[in-house]
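Chains L and V are the protein sequences, given in the same order.
For the first sequence, the working numbering assigns the number 611 to the initial residue and increments by one for each residue that follows.
For the second sequence, the working numbering assigns the number 762 to the initial residue and increments by one for each residue that follows.
All remarks here apply to the structure that follows.
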Amino acid sequence: MAETFLDSSELVLNMGPQHPSTHGVLRVVLRLDGEKVMGTECIIGYLHRGVEKIAENRTYQMFAPYVDRMDYVAAVSNGLGYCLAVEKLLNVEAPPRAQTVRVALTELNRIASHLIWLGTHALDIGAITPLFYTMREREEILNIFEKYCGARLTTHAFRIGGLQYELYDGFEQDVSAFCDMFPARIDEYEELLSGNRIWVDRLTNIGVLNAAQCKQYGVTGPLLRAAGVRWDLRKAQPYSGYENYDFEIPIRENGDTYDRYIVRMQEMRQSVRILRQAIKRIEPGPIMAKVPKVIKPPVGEAYVSIEAPKGELGYYIVSDGSTQPYRVRVRPPSFVNLQALEPMAKGALVADIVAIIGTIDIVLGEVDR
Amino acid sequence: MRKFLKRLLFLDLIEGLVVTFRSQHPKHIYTEQYPAQSPKVAERYRGAPRLNINPENGETLCIACNLCALACPEALIVVGSERNEQTRRKELTTFTYDTSRCMFCGLCEDACPVDALELTQDFELATYTREGQIWDRQMLEEGPRPKQYKF
Ligand code: SF4
Ligand code: SF4
């Protein structure tokens with residue numbers, strides 16, 4: 611270390627696991643030189659529940675509720691990924707009605723997840739008000755989930771082969787009422803934040819991650835798109851009929867924290883656009899494909915990845931022909947994106963670490979599984 | 762120059778404050794005063810379990826087929842049954858349901874062929890002991906009996 615006037619040595623500081631701004635039980639070991647971060651090390655595993663191992667002892671249907679508990683903020687997306695993976699193994703496809711409902715619910719869930727992110731991220735940076743507003747809007751979404759499937763957070767909304775629950779009366783009206791109300795609310799958040807000098811100054815040029823670094827670390831989702839890469843699995847490898855929807859992939863150039871904020875705000879608007887199309891397309895028909903009562907996929911393996919709110923969510927399932935999976939491996943977006951903390955945080959100030967952790971949008975249930 | 766003036770006059774902060782004050786109107790209050798004001802949960806809500814009984818003769822609807830116990834990922838349902846020698850049918854004797862391990866996924870109620878087991882809209886499941894979380898047949902049929910404290 612270079613000689614300084616006042617002799618200083620490196621300080622090692624534990625941030626977490628009980629720190630409120632690490633969004634769960636994440637422990638970050640910071641090596642500090644004064645205010646400057648020289649290096650970070652993430653210590654994870656405090657919320658490890660062995661979900662992948664549990665899968666090996668459960669039948670395919672029984673495992674479905676467990677995936678909701680990984681990314682509990684976006685439980686519906688998790689359920690969709692798992693169901694699609696098993697459906698691929700079984701070589702069945704959900705009927706069109708089920709697919710449209712799935713798209714509608716996952717887009718609602720994307721908005722709910724981004725709202726949680728926006729509220730907590732703003733809270734970390736010092737803007738307390740947006741949290742109350744985002745929670746209020748999220749409540750509307752959770753009410754729709756509750757009316758549809760009976761649970762608000764860990765929904766277990768989809769089953770292998772389609773849906774368990776028929777839509778309730780008034781689903782379309784509820785969703786379109788939400789779509790009418792919500793864009794004005796996004797404007798409200800932007801009014802609060804986008805032009806606010808504290809917000810802008812604390813976010814611009816913080817935690818820059820360029821496209822090359824994103825690819826090197828396997829970072830996906832809004833982080834990648836904020837760095838200028840137009841990559842969204844809904845367009846790149848369409849599933850559940852996403853190829854028929856008209857929407858755009860918002861991208862930005864700089865790859866800093868402010869750009870990620872803008873990208874996510876735009877994504878919420880695009881989700882509203884998809885929702886509007888989806889509720890018009892819900893057609894009568896069966897909601898469940900022909901799936902045997904006892905699911906016994908043929909020997910083989912399948913990998914399905916979907917665009918979860920936080921990035922690419924992949925399920926890799928190996929079947930040995932029995933009723934229980936031989937191995938289930940999950941590729942959680944938060945876990946992979948969390949690696950990018952090191953390059954983003956190097957050289958930053960301590961106060962910015964909170965902003966950088968917030969911008970990755972991690973859910974520790976998914977990081978640790 | 763305009764940008765400088767805008768910064769000097771705190772226009773960006775005033776803009777945010779306008780939003781805040783717009784939401785102060787009593788019409789926009791969203792908070793529920795929970796114990797006084799119970800939320801209305803949806804019809805399909807998956808809450809406390811219930812074993813339905815036939816309202817006419819008070820007999821249980823459950824046919825002791827054990828399908829719910831087999832469907833449960835947590836294996837927390839235990840169905841006890843006995844063969845009735847006269848009718849040569851299985852009859853339900855005991856039924857335990859451990860709500861402390863339940864994740865309210867709804868697989869058991871989907872599995873039940875006669876709609877005997879149902880997850881209801883009741884969500885107040887707190888008890889003082891761990892044993893209190895294990896519901897027996899009587900509790901499942903009649904609902905939990907909360908302890909009443911008089912002050
Ligand atoms: S709700 Fe799920 S976890 Fe609870 S008893 Fe039924 S099947 Fe088991
Ligand atoms: S599935 Fe229904 S009928 Fe069969 S044992 Fe369970 S509650 Fe009784």
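Glycine included, C-beta positions come from ideal geometry on N, C-alpha and C.
Keep in mind it's a predicted model, so treat the numbers as computed, not measured.
Can you tell me whether residue i sits near ligand 2, meaning its C-beta is under 6 angstroms from at least one heavy atom of the ligand?
i	result
V:Asn827	yes
V:Val875	yes
V:Val840	yes
L:Cys789	no
V:Cys823	yes
How many Å lie between residue i and residue j at the Cα?
i	j	result
V:Cys826	V:Cys866	20 angstroms
V:Phe884	V:Met864	13 angstroms
V:Cys829	V:Leu878	8 angstroms
V:Gln794	V:Pro800	9 angstroms
L:Lys900	L:Val702	8 angstroms
L:Glu877	L:Cys789	14 angstroms
L:Asp842	V:Asp876	43 angstroms
V:Arg850	V:Ile824	9 angstroms
L:Val711	L:Glu782	10 angstroms
L:Glu749	L:Gln847	31 angstroms
L:Gly660	L:Gln949	21 angstroms
V:Met900	V:Gly841	15 angstroms
V:Gly893	V:Ala887	9 angstroms
L:Met672	L:Glu666	11 angstroms
V:Gln847	V:Asn818	19 angstroms
L:Glu620	L:Gly649	10 angstroms
L:His633	L:Arg939	24 angstroms
L:Ile654	L:Leu951	13 angstroms
L:Gly689	L:Ser786	24 angstroms
L:Gly957	L:Ala822	19 angstroms
L:Met611	L:Leu959	With a pLDDT of only 47 at L:Met611, under 50, the local geometry of the prediction cannot be trusted, and the value read off the model is given with reservation. Going from the Cα of L:Met611 to the Cα of L:Leu959 covers about 18 angstroms.
L:Gln826	V:His786	50 angstroms
L:Thr739	V:Ser784	10 angstroms
Please list, in chain order, all residues of the same chain as residue i whose beta carbon is under 6 angstroms from its beta carbon, the five residues on each side excluded.
i	result
L:Gly828	Val946
V:Tyr806	Gln882
L:Ile861	Arg835, Gly838 and Arg840
V:Glu902	Leu812 and Ile814
L:Tyr855	Ile884 and Gln887
L:Ile966	Gly817, Met954 and Ala955
L:Glu651	Val639
L:Val973	Asp681, Val683 and Ser944
L:Pro902	none
L:Glu976	Met680, Asp681, Pro942 and Ser944
L:Thr867	Leu813, Ile816, Gly817, Ala965 and Thr969
L:Pro907	Leu699, Leu700 and Ser929
Any chance the CB of residue i is under 6 angstroms from a heavy atom of ligand 1?
i	result
V:Phe856	no
L:Met672	no
L:Glu798	no
V:Glu879	no
V:Leu868	yes
V:Cys833	yes
V:Phe865	yes
State the CB to CB distance for the pair residue i and residue j, rounded to an integer number of angstroms; the pair is presumed to be in contact (CB under 8 angstroms).
i	j	result
L:Gly865	L:Glu922	So it is not a contact: roughly 18 angstroms between Cβ atoms.
V:Arg898	V:Thr860	V:Arg898 to V:Thr860, Cβ: 14 angstroms. No contact.
L:Ala888	L:Glu717	7 angstroms
L:Leu623	L:Leu640	5 angstroms
L:Arg707	L:Pro894	7 angstroms
L:Ala684	L:Ala918	6 angstroms
L:Glu801	V:Glu776	6 angstroms
L:Val964	L:Ser631	4 angstroms
L:Arg874	L:Leu642	Between L:Leu642 and L:Arg874 the Cβ distance is about 30 angstroms, and since that is not below 8 angstroms, they are no contact.
L:Ala912	L:Ala695	5 angstroms
For residue i, which residues of its own chain have a beta-carbon under 7 angstroms away from its beta-carbon, when the five flanking residues on both sides are left out?
i	result
L:Arg870	Pro832, Leu833, Ala836 and Thr969
V:Val839	Ala830 and Thr857
L:Glu756	Arg762
L:Asn753	none
L:Arg891	Thr710
L:Glu559	Residue 559 of chain L falls outside the range modelled here, since chain L spans only 611 to 979, and no answer is possible.
L:Lys845	Ile859
L:Val677	Asn688, Gly689 and Tyr692
Enumerate in chain order the residues of its own chain whose CB-to-CB distance from residue i is below 8 angstroms, with the five nearest sequence positions on each side excluded.
i	result
V:Trp896	Pro810, Thr857, Tyr858, Asp859, Thr860 and Pro905
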